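*Asks:*
Residue numbers (my numbering): 64 to 191.
#1: If you draw a straight line from the C-alpha of residue 162 to the C-alpha of residue 110, how long is it?
#2: Determine, using beta carbons only, whether residue 141 and residue 159 come nearer to each other than 8 Å.
#3: Counting C-beta neighbours from all protein chains within 10 Å, is the total for residue 65 16 or more, i.e. buried, or is it exposed?
#4: Leaving out the 5 sequence neighbours to the left and right, which residues in its chain are closer than 6 Å to residue 188 when beta-carbon positions are compared?
#5: What do you reckon, are the CB atoms on residue 95 and residue 115 nearer than 8 Å?
What follows is the structure, encoded as structure tokens:
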């Protein structure tokens with residue numbers, strides 16, 4: 064019984080600690096938790112940043128000048144800073160999405176599953 068109680072307490076502490084973090088991903092290849100929002104800052108010099116958003120708001124900071132792909136089409140809102148990456152692909156929800164520091168031909172931002180390309184103004188792309 065003591066072992067069961069200890070395991071239960073340990074499990075509760077681990078999940079409580081995970082829930083209090085402002086970064087919802089472990090590593091730069093991440094599937095965000097199903098419910099609630101998700102935020103992550105990709106590691107400079109780490110692996111390519113590939114984030115699958117959640118149903119809540121998504122806020123991603125890509126590492127400067129490194130590949131970054133974010134899928135947030137089913138999210139409530141999505142904000143991505145591409146960090147001037149030469150390859151930044153973001154699939155946004157139809158509305159409520161802003162992608163900044165997205166430069167060059169490698170910046171590909173779409174709005175919704177069928178809505179088409181985002182509106183571009185310099186290095187910022189938005190989905191109304």
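Heads up, the beta-carbon is just placed ideally off N, CA and C, and yes, glycines get one too.
Quick caveat, the model's predicted, so the values are computed rather than measured.
*Replies:* On the basis of the coordinates in this document:
#1: 21 Å
#2: yes
#3: Reliability fails at residue 65, whose pLDDT of 44 lies under 50, so the model's placement of it is uncertain and no value is given.
#4: 162, 165, 172, 181
#5: yes
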